[in-house]
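Residue numbers (the numbering used here): 12 to 262.
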Amino acid sequence: MFSRIANLFKGFLSLFISGLERQNPKALIEAEKENLRAQIARFNENLANHAGFAERLLRQVKNLETQEREYAAKAAANLKVGNRNAAGQYALQLKTVKEQLEENRKQLEAAEATYKKLVKSRDISLRDAQDKIEKLKRMMTETEMLEAQAELQEMATGMVTSIGGSGDTLNRVEEYLTERRDKAAGRARVASSTIDTTKVELLEAEQQALANAALTEFAAAYGLEAPPPEKAADAAPPPPAAKEMGPEKQG
């Protein structure tokens, strides 16, 4: 029973995690990027250890090559002077060094080949992982764009339906505003027609008379000739002079 409950709990937990993963693809991609960085770091560390092994082999090969030249020279020198025992010992050591040198060269060659293969494998795996991540990022961007377009289209469809359904409301609003505008225009017309312009015209004539009197006084004080007063633009023209009535004079 406990095992069944545990399996059921694992199933619910798996569904919950799957739901979170579906809702957060960006978080998954970032997690994979961090995982890739960690894997590369571990791989490079092991690759450095391998490169260190290859460097040690290379140093051993160089040392053995140096010993090979020394033993060969010593064996030849002792052989020339007739010292066969010493020459034989150096020849024996030279043989051992050559065997070690051949083995180390083979190991170094294999290590170098392995190092190149590992570097190539790392680079290929890295490019493949980066390509997959970039592809997922493009897919995510495209998915978000399509989701946004779908949402906008759904909103547009809902707006069309809503506006079409509220046509009566808009018509009523237009009718109310038209009625208010007409009333306001009528009130303004009535108010403008009831303005008494008599007082305005009287005040304007009074101000003009005072101005003319001030100008006449100024001209007299300074010995200037005052111009004739200006006639109002809307003043009526003077009536024509009346003709004398009576019989015409005869010559």
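Glycine is no exception: its CB is placed at the ideal position from the N, C-alpha and C atoms.
| query | result |
| --- | --- |
| Closer than 9 Å to chain C by CB, residue 108 | Going by chain labels, chain C is absent from the structure shown, which holds only one protein chain. |
| Close beta carbons around residue 118, own chain, < 6 Å, minus the five adjacent residues each side | 68 |
| Local conformation of residue 256 per DSSP, three classes | Bear in mind that the predicted position of residue 256 carries a pLDDT of just 45, short of 50, making it too unreliable to give a figure here. |
| Counted within 10 angstroms of its Cβ, other Cβ atoms place residue 108 as buried (16 or more) or exposed | buried |
| Where residue 122 falls, given that 16 or more other Cβ within 10 Å makes a residue buried | buried |
| Residue nearest to residue 51 in terms of C-alpha spacing, selected from 38, 87, 140 | 140 |
| Exposed unless 16 or more other CB atoms sit within 10 angstroms - verdict on residue 220 | exposed |
| Nearest to residue 116 (by Cα), restricted to the options 75, 136, 91, 93 | 75 |
| Contact belief for residue 44 with residue 144 at Cβ below 8 Å, rounded distance in angstroms | 6 Å |
| When 55, 64, 228 are compared against residue 131, the one with the closest alpha-carbon | 55 |
| 4 or more residues per run - each alpha helix (DSSP H) lying fully within the segment 56-137 | none |
| Residue 105 beta carbon less than 9 Å from that of residue 124 | no |
| Cβ-based burial, residue 224 [other Cβ within 10 Å; buried from 16] | exposed |
| Contacts around residue 85, its chain only, beta-carbon distance under 7 Å, and the 5 residues preceding and following it disregarded | 101 |
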